[in-house]
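Enquirer: In this note's numbering, the protein residues as written are 23 to 310.
Below is the structure I would like to discuss, written out as structure tokens.
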Amino acid sequence: MAESQTKYSEPDYVQKQDKSQCPFWRATIAERTPPETHELLETYSGIPHSEHDDHIHRTRDRLWEIRQYPCTGGGGWLKAQLCLSAVYPEVMARAKAGETVVDIGTFIGHDLRRLVVDGAPSDHLWGIDIANHFDVGFDFFRDRERWQGKFIEADFLTVETNPTLKPLRANTDIVFIASVLHQWDWVGQVRGATALTHFTKPGSLIAGLQMGKPVAGAVVMQGLKVPLYIQNPESFAKLWEEVGASTGTRWETQAWPHPWEWIGIDSAEMAWMGPGVQLLEFAVRRVA
């Protein structure tokens, strides 16, 4: 395998951002809150609508102190994304049947809460993140005492050796991973996707979302200063062909490009990422 220029588990920029110079910091984000999140905060969390704006901004400030991700500064975490997926009906049916769902890069666990609101039991839901945003998530959703799922602070790349991840090794039915793989170059994404295979077994589904472009290739974005590889559907399929060949597994890959508006963000606000950058939704099935 070629040498990766992005050997990190997480990039340095997530702990070094100056708000005044940061292209993805917004002073206010509450206006980006979609109606379904307002409804969740009212009905699931018991927070009156009049308190939502302050609650959201206090939460964002706490999250920013942990890591300075683009989705943190810009409010991308306010909208659940798994529920938008083409495979969400299947995910819901399997989750309701008691299958194990693991959200990698779970952040505050918004997608897991959406599953519960839509009828999935929480006791088979797991969230993994390299940094503990979970306590902030419990305060945001106000469900610490009733949540029966598990959150693990761990680097998912260590799945083969990390004892805290052992219960999920070759035992996970559905993996959701959003805005994680795209933080690496091609070789780094092969490493990340290879790690994902160790969670799975034949029949497992990996669904997710990341940055995409009509023409795949390496880029260095303003404010990030690290080389990333931005995929399109064809390159993403090749990625999984390479991973399958090296791991002795077989995968069926689907991927769909979307504009930023698909997750409620004005494309003009994402111009700092460079021309043509959009979203890439994917679903990858292990067939052997």
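Even glycine gets a Cβ: it sits at the ideal position worked out from N, Cα and C.
Answer with buried or exposed for T81, where buried requires no fewer than 16 other C-beta atoms within 10 angstroms of its C-beta.
Expert: Working through the sequence shown from its first residue, we reach residue 81 at position 59. Under this definition T81 is a buried residue.
Enquirer: I'd like the span of the beta strand (DSSP E) that includes E175, first residue to last.
Expert: Numbered from 1 along the sequence shown, position 153 holds the residue referred to as residue 175. Its beta strand (DSSP E) spans residues 172-175.
Enquirer: Cβ atoms of I228 and I199: under 8 Å apart, would you say?
Expert: In the sequence shown, counting from the first residue as 1, residue 199 sits at position 177. In the sequence shown, counting from the first residue as 1, residue 228 sits at position 206. Closer than 8 Å, so yes.
Enquirer: My guess is that F156 and F173 are in contact by the Cβ rule of under 8 Å, so how many angstroms apart are they, rounded?
Expert: Taking the first residue of the sequence shown as 1, we reach residue 156 at position 134. Taking the first residue of the sequence shown as 1, we reach residue 173 at position 151. Contact holds; Cβ gap of about 4 Å.
Enquirer: Go ahead and pull the three-state DSSP assignment for A102.
Expert: Taking the sequence shown and counting its residues from 1, the one referred to as residue 102 is at position 80. In this structure, A102 counts as coil in the three-state DSSP scheme.
Enquirer: In chain order, what residues of the same chain lie with their CB nearer than 6 Å to the CB of D125, ignoring the 5 residues before and after it?
Expert: Within the sequence shown, numbered from 1, the residue matching residue 125 stands at position 103. Excluding residues within five positions, the ones whose Cβ falls inside 6 Å are D133, L134, G149, F198.
Enquirer: Report the option in T271, W86, A119 whose CA atom is closest to the CA atom of K223.
Expert: The residue given as residue 223 occupies position 201 in the sequence shown. Of the listed residues, the one whose Cα sits closest to K223 is T271.
Enquirer: Would you decide whether T50 is buried or exposed? Buried here means 16 or more other CB atoms lie within 10 Å of its CB.
Expert: Taking the sequence shown and counting its residues from 1, one reaches residue 50 at position 28. Counting other Cβ atoms within 10 Å of its Cβ, T50 stays below 16 and is therefore classed as exposed.
Enquirer: If we ignore side chains and look at the alpha-carbon of each, how far apart do V237 and T59 end up?
Expert: Taking the sequence shown and counting its residues from 1, one reaches residue 237 at position 215. Taking the sequence shown and counting its residues from 1, one reaches residue 59 at position 37. Going from the Cα of V237 to the Cα of T59 covers about 33 Å.
Enquirer: Using a 10 Å radius around the Cβ and a threshold of 16 neighbouring Cβ atoms, would you call Q37 buried or exposed?
Expert: Translated into positions along the sequence shown, residue 37 becomes position 15. So Q37 ends up on the exposed side.
Enquirer: Whole-angstrom Cβ separation of V299 and M233, contact assumed at under 8 Å?
Expert: Sequence index remark: in the sequence shown, residue 299 carries index 277 (1-based). Sequence index remark: in the sequence shown, residue 233 carries index 211 (1-based). With a Cβ gap of about 6 Å, V299 and M233 count as contacting.
Enquirer: In whole angstroms, what is the alpha-carbon distance linking P70 and G286?
Expert: The residue you call residue 70 lines up with position 48 of the sequence shown. The residue you call residue 286 lines up with position 264 of the sequence shown. Cα to Cα, P70 sits roughly 23 Å from G286.
Enquirer: The alpha helix (DSSP H) that contains P255, what's its start and end?
Expert: Counting from one through the sequence shown, the residue named residue 255 turns up at place 233. Under the DSSP assignment, P255 falls in the alpha helix (DSSP H) whose first and last residues are 255-269.
Enquirer: Mark D34 as exposed unless 16 or more other C-beta atoms lie within 10 angstroms of its C-beta, in which case mark it buried.
Expert: Along the sequence shown, read from residue 1 onward, the residue named residue 34 stands at position 12. By the 10 Å Cβ count, D34 comes out exposed.
Enquirer: Do S226 and D195 have their C-beta atoms closer together than 8 Å?
Expert: As a position in the sequence shown, residue 226 is number 204, starting the count at 1. As a position in the sequence shown, residue 195 is number 173, starting the count at 1. Taking 8 Å as the Cβ cut-off, S226 and D195 qualify as a contacting pair.
Enquirer: Which same chain residues, not among the five before or five after H79, have their C-beta less than 8 Å away from its C-beta?
Expert: As a first step, residue 79 must be located in the sequence shown, where it is residue number 57. So the list reads T50, I51, A52, once near-sequence residues are dropped.
Enquirer: My output table needs one value for L147: the three-state DSSP class, helix, strand or coil.
Expert: One-based indexing of the sequence shown puts residue 147 at position 125. In the structure shown, L147 sits in a strand (DSSP, three-state: E or B).
Enquirer: If W284 sits next to L106, beta carbons under 8 Å apart, how far is it from one beta carbon to the other, in whole angstroms?
Expert: Start at 1 with the first residue of the sequence shown, and residue 284 comes out as number 262. Start at 1 with the first residue of the sequence shown, and residue 106 comes out as number 84. Sure, about 7 Å apart at Cβ, within 8 Å.
Enquirer: Of the residues A119, R168, V158, A240, which one's Cα is nearest the Cα of Q205?
Expert: Translated into positions along the sequence shown, residue 205 becomes position 183. Closest option to Q205, Cα to Cα, is A240.
Enquirer: Ordered along the chain, which non-local residues of its own chain (more than five positions away) have a Cβ less than 7 Å from that of T186?
Expert: On the sequence shown, position 164 is the one that residue 186 refers to. These residues qualify, in order along the chain: I174, A176.
Enquirer: Alpha carbon to alpha carbon, what distance is there between S72 and L231?
Expert: Residue 231 sits at position 209 when you count from the first residue of the sequence shown. Residue 72 sits at position 50 when you count from the first residue of the sequence shown. Distance between the alpha carbons of L231 and S72 is about 32 Å.
Enquirer: Looking only at its chain, what residues have a beta carbon closer than 6 Å to the beta carbon of P92, apart from the 5 residues adjacent to it on each side?
Expert: Locating residue 92 in the sequence shown gives position 70, counting from the first residue. If the five residues before and after P92 are omitted, its C-beta is found closer than 6 Å to the C-beta atoms of F46, all from its own chain and listed in chain order.
Enquirer: On the three-state DSSP scale, how would you describe P70?
Expert: Working through the sequence shown from its first residue, we reach residue 70 at position 48. P70: coil per DSSP, three-state reduction.
Enquirer: Whole angstroms are fine: how far does the CA of A119 sit from the CA of E64?
Expert: For the purposes of this step, residue 64 is taken as the residue at position 42 of the sequence shown. For the purposes of this step, residue 119 is taken as the residue at position 97 of the sequence shown. Their Cα atoms are separated by approximately 27 Å.
Enquirer: Within its chain, find whatever has a CB closer than 7 Å to the CB of G127; leave out the 5 residues flanking it on each side and keep chain order.
Expert: If you number the sequence shown from 1, residue 127 lands on position 105. Excluding sequence neighbours, G127 sits near D151, I199, A200, S201, V202.
Enquirer: Short of 6 Å in beta carbon distance, which residues of its chain neighbour R89, apart from the five on each side in sequence? Order them along the chain.
Expert: For the purposes of this step, residue 89 is identified with residue 67 of the sequence shown, where counting begins at 1. Cβ neighbours of R89 beyond the five flanking positions: V36, A153.
Enquirer: Since T219 and V265 should fall inside the 8 Å C-beta cutoff, what is the C-beta to C-beta distance between them, to a whole number of angstroms?
Expert: As a working note, residue 219 is residue 197 in the sequence shown. As a working note, residue 265 is residue 243 in the sequence shown. Sure, about 6 Å apart at Cβ, within 8 Å.
Enquirer: Below 7 Å CB to CB, which residues in the same chain sit around I139 once its five sequence neighbours on both sides are set aside?
Expert: Looking up residue 139 in the sequence shown gives position 117. The sequence given here places Val at residue 139; Ile does not occur at that position. Here the set comprises L62, Y66.
Enquirer: DSSP three-state call for D40: helix, strand or coil?
Expert: Taking the sequence shown and counting its residues from 1, one reaches residue 40 at position 18. It is coil, neither helix nor strand.
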